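Numbering (this note's numbering), first residue to last: 1 to 407. Each residue gets a CB set at the ideal place from its N, CA and C atoms; glycine is no exception. Note that this is a predicted model, so its numbers are computed, not measured. Working notes for the structure below.
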């Protein structure tokens, strides 16, 4: 009797296979080049378009939620999808599959693996970056069709994009999404509530409150413990945890925090930091796996594999704790009429944020010649017209980039 009443909050309804989740996210972890914005495009293609595990509106709501929270937004989206599909172990499988391939590559680099060099290596890495242009462009066009079908929401998306494009502050992304929600409350109330798929995450409200409490206890308690024990292990974990807990927007935004936490106290040099940053951009998966490299090469002990594990756990843990704390309340909240209107505005703002990111940094740092544009254009057509799997586009762009470097 007790076990049956626990099922709705401890196990996902319509649970999928744990191995299925691990296999799919492992493939994504090996092929998702391009940073967090591109990852959102990969996830949309895999779980909204192909597998239909989640519908377009619910996915956009989830992306909007994760953009609000501290931590790596794309990893939080993947974690949530794994949680929804196969419970807590599914969430762990999704995170492991998506994270560990790039973490392993960066640990190897930290131990002295040479970065690709010469025209072949440079062309290969540039081709992989061009993959991100096609992926992000596909995500923006697809989400704009579904989430900005009228002039009100299209206008919200444009204003959000302008805020991002004309601001250099990292808080601008959060501000654009908040303004989008407020504009939605004002402009999007006349439309009947859009049907959003029911998403029941297998997390009870009690567990949500507990995980939120853990987030704040660690955030406040680790610095105190660091001062009391003078342990380098605690100091390292605190530096990683603080960086993961205080960054909004994820991805590149965490780099200044990590530099302040590790270079300023002399735990590693600026040259070593920047070398790892360059390597992190050349591997698939979340940029937060840069922590695995830092944990490997940092001078205080523990370093090496133990430091890499400490770094990964420390930087990802706060984002996952706060996500688990919010998810139990999210599905009920998003179904209210006012919330529906607000989320329409938020979803439109997310499209604008993605559109701005398509230009900067994705386009401005990658498309440098007509040849680059041609490769990205072919990749975009392969994705949108031929419905080719992203792995095909990755292979084509990498081969084309290498060929262009040799010409």
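If you draw a straight line from the Cα of residue 307 to the Cα of residue 280, it is about 17 Å long.
Counting along the chain, the unbroken alpha helix (DSSP H) around residue 370 starts and ends at 370-384. Ranked by Cα distance from residue 402, the options 384, 371, 388, 390 are led by 371. Contact check for residue 247 against residue 257 passes: the beta carbons are separated by less than 8 Å. By alpha-carbon distance to residue 106, the top candidate from 169, 348, 285, 341 is 285. Under the three-state reduction of DSSP, residue 55 is assigned to coil, being neither helix nor strand. By the 16-neighbour rule on beta-carbons within 10 angstroms, residue 276 is buried.
Ranking 209, 152, 179, 157 by CA distance to the CA of residue 189 puts 152 first.
Taking each of 232, 271, 25 in turn and checking the Cα distance to residue 310, the smallest one comes out for 232. Rounded to the nearest angstrom, the Cβ distance from residue 132 to residue 35 is 7 Å, consistent with a contact under 8 Å.
When DSSP states are grouped into helix, strand and coil, residue 126 belongs to the helix group. When C-beta atoms of the region 326-333 are compared with those of the region 199-216, three or more pairs fall below 8 Å, so the two segments count as touching. Where residue 287 is concerned, there is no enclosing alpha helix (DSSP H), because DSSP gives it neither an H nor an E. DSSP places residue 31 within a helical segment (H, G or I) once states are collapsed to three.
The count of Cβ pairs closer than 8 Å, one atom from the region 88-102 and one from the region 47-64, stays below three, leaving the stretches out of contact. Judged by beta-carbon spacing, residue 268 lies beyond the 8 Å limit of residue 234, meaning their Cβ atoms are not closer than that value.
Note that the C-beta distance between residue 37 and residue 362 is below 8 Å. The beta carbons of residue 147 and residue 347 sit closer together than 8 Å. Going by C-alpha positions, residue 202 is about 35 Å away from residue 134.
Residue 61 is positioned such that its CB atom lies no closer than 8 Å to that of residue 342. For residue 212, the uninterrupted alpha helix (DSSP H) segment begins and ends at 205-229. The distance from the Cβ of residue 319 to that of residue 76 is about 6 Å, consistent with a contact at the 8 Å cut-off. Distances from the alpha-carbon of residue 164 to those of 154, 176, 156, 43 put 176 closest. When rounded, the separation of the alpha-carbon atoms in residue 336 and residue 120 is 55 Å. The Cβ-Cβ distance between residue 142 and residue 44 falls below 8 Å. Excluding residues up to 5 positions away in sequence, 127, 375 lie with their Cβ nearer than 7 Å to the Cβ of residue 400 in the same chain.
In this structure, DSSP gives residue 301 a state outside helix and strand, which the three-state scheme calls coil. For residue 384, the closest of 340, 69, 270, 145 by C-alpha to C-alpha distance is 145. Rounded to whole angstroms, the separation of the alpha carbons of residue 367 and residue 130 is 7 Å.
DSSP places residue 17 in the coil class of the three-state scheme, outside both helix and strand. Residue state for residue 354 is assigned as helix, using DSSP reduced to three classes.
Assignment of residue 166 by DSSP, reduced to helix, strand and coil, places it in the coil class.
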